[in-house]
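If you read the sequences in order, they're chains G and L. Take 29 as the starting number for the first sequence in the working numbering and just add one per residue. Take 29 as the starting number for the second sequence in the working numbering and just add one per residue. Read the structure below first, then the notes.
There are 2 protein chains.
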Amino acid sequence: MTKPRSRRGGGRPTIADVARKAGVGAITVSRALREPGRVSEDLRRQIQAAVDELGYIPDPNARALASARAEVFGVLVPSLTNNVFAEVVRGIYDSLSDSPFRIQMGNTHYSGLEEERLLQLFASQRPAALIVAGIDQTPLSRKLLETAGCPVVQVMETGPDPVDMLVGFSHFDGGRTATEHLIEKGYRRIGFIGARMDPRSQRRLAGYRAAMQAAGLYDPRLVTTTPLLSSVTLGRELLRDALAKMPTLDGVFCNNDDIALGVLFECHRAAIAVPKTIGIVGFNDLDMMQSAFPSVTSIRTHRYEIGRRAVAMALAAIAGQRPQQRIVDLGFELRRRESTTR
Amino acid sequence: MTKPRSRRGGGRPTIADVARKAGVGAITVSRALREPGRVSEDLRRQIQAAVDELGYIPDPNARALASARAEVFGVLVPSLTNNVFAEVVRGIYDSLSDSPFRIQMGNTHYSGLEEERLLQLFASQRPAALIVAGIDQTPLSRKLLETAGCPVVQVMETGPDPVDMLVGFSHFDGGRTATEHLIEKGYRRIGFIGARMDPRSQRRLAGYRAAMQAAGLYDPRLVTTTPLLSSVTLGRELLRDALAKMPTLDGVFCNNDDIALGVLFECHRAAIAVPKTIGIVGFNDLDMMQSAFPSVTSIRTHRYEIGRRAVAMALAAIAGQRPQQRIVDLGFELRRRESTTR
DNA sequence: GGGAAAATTGGTAGCGCTACCATAGATGGG
DNA sequence: CCCATCTATGGTAGCGCTACCAATTTTCCC
Numbered sequence: 029m030t031k032p033r034s035r036r037g038g039g040r041p042t043i044a045d046v047a048r049k050a051g052v053g054a055i056t057v058s059r060a061l062r063e064p065g066r067v068s069e070d071l072r073r074q075i076q077a078a079v080d081e082l083g084y085i086p087d088p089n090a091r092a093l094a095s096a097r098a099e100v101f102g103v104l105v106p107s108l109t110n111n112v113f114a115e116v117v118r119g120i121y122d123s124l125s126d127s128p129f130r131i132q133m134g135n136t137h138y139s140g141l142e143e144e145r146l147l148q149l150f151a152s153q154r155p156a157a158l159i160v161a162g163i164d165q166t167p168l169s170r171k172l173l174e175t176a177g178c179p180v181v182q183v184m185e186t187g188p189d190p191v192d193m194l195v196g197f198s199h200f201d202g203g204r205t206a207t208e209h210l211i212e213k214g215y216r217r218i219g220f221i222g223a224r225m226d227p228r229s230q231r232r233l234a235g236y237r238a239a240m241q242a243a244g245l246y247d248p249r250l251v252t253t254t255p256l257l258s259s260v261t262l263g264r265e266l267l268r269d270a271l272a273k274m275p276t277l278d279g280v281f282c283n284n285d286d287i288a289l290g291v292l293f294e295c296h297r298a299a300i301a302v303p304k305t306i307g308i309v310g311f312n313d314l315d316m317m318q319s320a321f322p323s324v325t326s327i328r329t330h331r332y333e334i335g336r337r338a339v340a341m342a343l344a345a346i347a348g349q350r351p352q353q354r355i356v357d358l359g360f361e362l363r364r365r366e367s368t369t370r
Numbered sequence: 029m030t031k032p033r034s035r036r037g038g039g040r041p042t043i044a045d046v047a048r049k050a051g052v053g054a055i056t057v058s059r060a061l062r063e064p065g066r067v068s069e070d071l072r073r074q075i076q077a078a079v080d081e082l083g084y085i086p087d088p089n090a091r092a093l094a095s096a097r098a099e100v101f102g103v104l105v106p107s108l109t110n111n112v113f114a115e116v117v118r119g120i121y122d123s124l125s126d127s128p129f130r131i132q133m134g135n136t137h138y139s140g141l142e143e144e145r146l147l148q149l150f151a152s153q154r155p156a157a158l159i160v161a162g163i164d165q166t167p168l169s170r171k172l173l174e175t176a177g178c179p180v181v182q183v184m185e186t187g188p189d190p191v192d193m194l195v196g197f198s199h200f201d202g203g204r205t206a207t208e209h210l211i212e213k214g215y216r217r218i219g220f221i222g223a224r225m226d227p228r229s230q231r232r233l234a235g236y237r238a239a240m241q242a243a244g245l246y247d248p249r250l251v252t253t254t255p256l257l258s259s260v261t262l263g264r265e266l267l268r269d270a271l272a273k274m275p276t277l278d279g280v281f282c283n284n285d286d287i288a289l290g291v292l293f294e295c296h297r298a299a300i301a302v303p304k305t306i307g308i309v310g311f312n313d314l315d316m317m318q319s320a321f322p323s324v325t326s327i328r329t330h331r332y333e334i335g336r337r338a339v340a341m342a343l344a345a346i347a348g349q350r351p352q353q354r355i356v357d358l359g360f361e362l363r364r365r366e367s368t369t370r
């Protein structure tokens, strides 16, 4: 009976303080904040005044504990520095910045095992939604997603059988379109150069292969890959490797723009004329591709928009309106530039 | 007396389940998990077995509520896509991946107001530590940091008066070193080109100015800036602007590597010889600078290491060992390359 | 070997919030 | 005008965990 008041909480106002000041019950304050429509105009105003005066901020932990549901979006990406995912993440952050939802991000480092570990961790927090990159989850990961009990959005790809919702585009089609463009421009000995052959890269390679085979141009020696992480420097090395294997190479489809830039630089350094001697196509269309000299043809993808759309779909699902379209294909565009203009 | 068991929590095991299975008190389980040293070997083993068998994962929300302290690092950066901050963030994530700490990231979009808003939000969650970019907080932000009641690490800069701890390097010295290098190489009409003139960019500019003035070379018309966000494309435009103002320009110190790359491409396009006619120095030394043609001189900064060090210092502080060195200067290195070799 | 100190374990009482149910007043149809 | 239905508000009882303190056992010192 001695200590009347919070010994632990550092004196921050609680919902009870607001309720007392506004002359209402605590539960009414809670409602006024979460479902304003269910509280009369009068009380709502009174409560808002008390909130403002006290500087009350609800404790998300207490809220999560009591409601068995955290206002958190779990986001899982394979890399934080890869510009492509950084843009998706930026879209997610921007879309969520004015909502009560926080973001819990995880970096899987392209590892299925790490993805399982993080998913387990995330699911244990009962997130409001999960956004994960790719559709190639391990069986355990997929089960974790299915039983997470919240909307799930897979991003960056398209496909027939998402766990729940899916936003992205076809890497296969992207790879094929890029390759067909080179063929159309008259290139014949067209190589594929790729680092870090994750599932999306594999699909781009498959698209390349399909286009080459359809044109009767495919030769496995035209493909040069490595498990190393993409970088501009690696692009240079891979072009050297490719040329060593196949000196008559007259075009390259690069798995991404970093590689493409490295290839371009290596061409400069080796005095190989672009687009005359070798044509170059990149993937993702980072800003620098339009400014490079010569400017580089690339497949434009809509990373930021994918992040935004994923959040929008998750938010709708949380609000109970499951979208009529569970699978959204945002497509891509071929940006024709100097590196393939001859 | 009817409903005996959790109606809300979806049946996940709780600490009480573990305690029952291990035949001990709940509090002992709690201790075994958090302070294993205070529980006897025997019980610890028993409890671990029960935890494993049940697949128990502690609820971070309940933990945070009960202990009035969340196992969360708040991280505030001005941009998610800027490669520089992405690397710092990667260092933070990597350093924290095996700890119980989660990360709550915020994107301030280079806005002091947004920083205040996020800090307010973060502080209300009683984080275990806060990591913020820069030392130029608004007075309110600074007060929020000071009263957050947790270790605070400011990163990316150095300076005399951190809120708590500080890891970074001197942008002023970096700018001066870059400029002195150009002077030393015989360049005289050296321009400064910069976008998004945040406080760090301003300090690099100040370093540039100091070097130019010391050499008697400073002319305000040599400085070209814009409030727009950095990009390769913008680098091209800014070089054009700079040349229009000052056609005799023979060198440029670029505020960052994106700009430097744009400048390089514009030189190619305009058939300006690099390094002969114009020398170029960038800032940050992204991977692509060493691979560019010609390769580009840049100031190498240790972004990833800054992230790691910030976490290490915060972790030490949380453990009660305040580091003897509150201010850590990780320095930078000038990487001399072809773009200034003549 | 006795008593103090240290180590080990447990019980109780919340942390701040919301789900659930109850209650009182408002509305409305016959 | 009465009773059923709906609306607005409140009380109670936890959510799962840990701080605090008490109780017990072990260790240690002279």
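Just so you know, even glycine gets a beta-carbon here, dropped at the ideal spot from N, CA and C. For clarity, every value in this text was computed on a predicted model and none was experimentally measured.
### Query
The alpha helix (DSSP H) spanning residue 267 of chain G covers which residue range?
Looking up residue 267 of chain G in the first sequence gives position 239. Run containing residue 267 of chain G: 260-273, per the alpha helix (DSSP H) assignment.
### Query
Taking 8 Å as the CB-CB cut-off, is residue 117 of chain G touching chain L?
Locating residue 117 of chain G in the first sequence gives position 89, counting from the first residue. It does; some Cβ of chain L falls within 8 Å.
### Task
Could you tell me whether the stretch 328-343 of chain G touches the stretch 295-304 of chain G, using the rule of 3 or more Cβ pairs below 8 Å?
With contact defined as three or more Cβ pairs closer than 8 Å, the stretch 328-343 of chain G and the stretch 295-304 of chain G are not in contact.
### Task
With a threshold of 16 other CB atoms inside 10 Å of the CB of residue 92 of chain G, please say whether the residue is buried or exposed.
As a working note, residue 92 of chain G is residue 64 in the first sequence. Result: buried.
### Query
How big is the Cα-Cα spacing for residue 121 of chain L and residue 136 of chain L?
Reading the second sequence from its first residue, position 93 is the one you call residue 121 of chain L. Reading the second sequence from its first residue, position 108 is the one you call residue 136 of chain L. Distance between the alpha carbons of residue 121 of chain L and residue 136 of chain L: 19 Å.
### Task
Mind checking which residues open and close the alpha helix (DSSP H) that includes residue 333 of chain L?
For the purposes of this step, residue 333 of chain L is taken as the residue at position 305 of the second sequence. Residue 333 of chain L -> alpha helix (DSSP H) spans 331-346.
### Query
Considering only residues of the same chain and omitting the five flanking positions on each side of residue 111 of chain G, which have a CB-CB separation below 7 Å?
Numbered from 1 along the first sequence, position 83 holds the residue referred to as residue 111 of chain G. The beta carbon of residue 111 of chain G sits closer than 7 Å to the beta carbons of 314 from its chain, once the five residues preceding and following it are set aside; these are given in chain order.
### Cα-Cα separation, residue 263 of chain G to residue 294 of chain G
By 1-based counting over the first sequence, the position of residue 263 of chain G is 235. By 1-based counting over the first sequence, the position of residue 294 of chain G is 266. CA-CA distance, residue 263 of chain G to residue 294 of chain G, rounds to 8 Å.
### Query
What does residue 315 of chain G reach in chain L if we use C-beta pairs closer than 7 Å?
Your numbering for residue 315 of chain G matches position 287 in the first sequence. From the beta-carbon of residue 315 of chain G, the residues of chain L found nearer than 7 Å are 259, 260, 261.
### Residue from L:141, L:62, L:228, L:161 whose Cα sits closest to the Cα of residue 127 of chain L
Residue mapping note: residue 127 of chain L aligns to position 99 of the second sequence, counting from 1. Taking residue 127 of chain L as reference, the option from L:141, L:62, L:228, L:161 with the minimal CA-CA separation is L:62.
### Message
Checking the sheet assignment: what are the DSSP bridge partners for residue 252 of chain L?
### Response
Numbered from 1 along the second sequence, position 224 holds the residue referred to as residue 252 of chain L. Answer is L:221.
### Task
Run down chain G in chain order and give the residues with a C-beta less than 9 Å from the C-beta of residue 130 of chain L.
Taking the second sequence and counting its residues from 1, the one referred to as residue 130 of chain L is at position 102. Listed along the chain, the chain G residues whose CB falls inside 9 Å of the CB of residue 130 of chain L are 132, 149, 153.
### Message
Short of 6 Å in beta carbon distance, which residues of its chain neighbour residue 251 of chain L, apart from the five on each side in sequence? Order them along the chain.
### Response
For the purposes of this step, residue 251 of chain L is taken as the residue at position 223 of the second sequence. Closer than 6 Å at the Cβ level, and outside the excluded window around residue 251 of chain L, lie 220.
### Residues that residue 215 of chain G contacts on chain L, provided the C-beta gap is smaller than 7 Å
As a working mapping, residue 215 of chain G is identified with position 187 in the first sequence. Correct list: empty, because the minimum Cβ distance to chain L is about 22 Å.
### Message
Distance cutoff 8 Å, beta carbons only. Does residue 199 of chain L sit that close to anything in chain G?
### Response
Taking the second sequence and counting its residues from 1, the one referred to as residue 199 of chain L is at position 171. Cβ-Cβ to chain G under 8 Å: no for residue 199 of chain L.
### Query
For a contact meaning CB atoms closer than 8 Å, what does residue 98 of chain L contact in chain G?
Stepping through the second sequence from its first residue, residue 98 of chain L is reached at position 70. What residue 98 of chain L touches in chain G, judged by beta-carbon distance under 8 Å, is 89, going in chain order.
### Task
Name the two residues that bound the continuous beta strand (DSSP E) containing residue 133 of chain L.
On the second sequence, residue 133 of chain L is found 105 positions in, with the first residue counted as 1. Start and end: 130-135.
### Query
Excluding five sequence neighbours on each side, which residues of the same chain lie with their C-beta closer than 6 Å to the C-beta of residue 20 of chain G?
For chain G, the structure presents residues 29 to 370; residue 20 of chain G sits outside this window and is missing.
### Query
Listed from N- to C-terminal order along the chain, which residues in the stretch 325-352 of chain L have their beta-carbon within a distance smaller than 8 Å of any beta-carbon of chain G?
None of the residues of the stretch 325-352 of chain L has a beta carbon lying less than 8 Å from any beta carbon of chain G.
### Task
Evaluate the contact criterion for the stretch 155-170 of chain G versus the stretch 318-330 of chain G: three or more CB pairs, one atom per stretch, below 8 Å.
Segments in contact, no.
### Query
Which same chain residues, not among the five before or five after residue 256 of chain G, have their C-beta less than 8 Å away from its C-beta?
Within the first sequence, residue 256 of chain G is the residue found at index 228, counting from 1. Non-local beta-carbon contacts of residue 256 of chain G in its own chain, meaning distances under 8 Å to residues more than five positions away in sequence, involve 223, 224, 262 in chain order.
### Query
What is the residue span of the beta strand (DSSP E) that residue 357 of chain L lies within?
Locating residue 357 of chain L in the second sequence gives position 329, where the first residue counts as 1. Annotation for residue 357 of chain L: the continuous beta strand (DSSP E) segment containing it runs 355-357.
### Query
For residue 312 of chain L, which beta-bridge partners are listed by DSSP?
Along the second sequence, one-based indexing puts residue 312 of chain L at 284. DSSP output for residue 312 of chain L lists L:328 as bridge partner(s).
### Query
Should residue 365 of chain G be labelled buried (16 or more other beta-carbon atoms within 10 Å of its own) or exposed?
Counting from 1 along the first sequence, the entry for residue 365 of chain G is found at position 337. Answer is buried; the Cβ neighbour count reaches 16.
### Task
Using only alpha-carbon positions, find the residue among G:193, G:156, G:153 that is nearest to residue 170 of chain G.
Along the first sequence, read from residue 1 onward, the residue named residue 170 of chain G stands at position 142. The residue with the shortest Cα to Cα distance from residue 170 of chain G is G:193.
### Query
Who pairs with residue 159 of chain G in a beta bridge, going by DSSP?
Indexing the first sequence from 1 puts residue 159 of chain G at position 131. Residue pairing of residue 159 of chain G in beta bridges, as defined by DSSP: G:103, G:181.
### Task
Verify whether the separation of the beta carbon atoms of residue 211 of chain L and residue 245 of chain L is less than 8 Å.
On the second sequence, residue 211 of chain L is found 183 positions in, with the first residue counted as 1. On the second sequence, residue 245 of chain L is found 217 positions in, with the first residue counted as 1. Remark: C-beta atoms of residue 211 of chain L and residue 245 of chain L approach each other more closely than 8 Å.
### Message
Between the alpha carbons of residue 176 of chain L and residue 183 of chain L, how many angstroms are there, rounded?
### Response
Within the second sequence, residue 176 of chain L is the residue found at index 148, counting from 1. Within the second sequence, residue 183 of chain L is the residue found at index 155, counting from 1. Their backbone Cα atoms lie some 17 Å apart in a straight line.
### Query
Is the distance from the Cβ of residue 205 of chain G to the Cβ of residue 362 of chain G below 8 Å?
For the purposes of this step, residue 205 of chain G is taken as residue 177 along the first sequence, with counting starting at 1. For the purposes of this step, residue 362 of chain G is taken as residue 334 along the first sequence, with counting starting at 1. Taking the C-beta atoms as reference points, residue 362 of chain G is found nearer than 8 Å to residue 205 of chain G.
### Task
Would you identify the three-state DSSP class for residue 208 of chain L, choosing helix, strand or coil?
Here the question's residue 208 of chain L lines up with position 180 in the second sequence. Note: residue 208 of chain L maps to helix in three-state DSSP.
### Task
Using a Cβ cut-off of 8 Å (strictly closer), state whether residue 85 of chain L contacts chain G.
In the second sequence, counting from the first residue as 1, residue 85 of chain L sits at position 57. In terms of beta-carbon proximity, residue 85 of chain L lines the interface with chain G, with at least one pair separated by less than 8 Å.
### Query
Under a CB-based cut-off of 8 Å, is residue 230 of chain G close to chain L?
Numbered from 1 along the first sequence, position 202 holds the residue referred to as residue 230 of chain G. Not an interface residue.
### Query
By Cβ distance below 7 Å, which residues in the same chain neighbour residue 179 of chain G in space, the five residues on each side in sequence not counted?
By 1-based counting over the first sequence, the position of residue 179 of chain G is 151. So the list reads 157, 192, 193, 342, 345, 346, once near-sequence residues are dropped.
### Task
If I'm right that residue 307 of chain L touches residue 285 of chain L with Cβ under 8 Å, what's the distance once you round it to whole angstroms?
The residue you call residue 307 of chain L lines up with position 279 of the second sequence. The residue you call residue 285 of chain L lines up with position 257 of the second sequence. That belief does not hold up - the Cβ atoms of residue 307 of chain L and residue 285 of chain L are roughly 15 Å apart, past 8 Å.
### Task
Report the rounded CA-to-CA distance for residue 266 of chain L versus residue 118 of chain L, giving the unit in angstroms.
Position 238 of the second sequence, counted from the start, is the residue given in the question as residue 266 of chain L. Position 90 of the second sequence, counted from the start, is the residue given in the question as residue 118 of chain L. Residue 266 of chain L and residue 118 of chain L have their C-alpha atoms spaced approximately 31 Å apart.
### Query
In the stretch 261-294 of chain L, which residues sit with their C-beta less than 7 Å from some C-beta in chain G, listed in chain order?
Legend: CB atoms of the stretch 261-294 of chain L lying less than 7 Å from CB atoms of chain G belong to residues 261, 264, 289, 290, 293.
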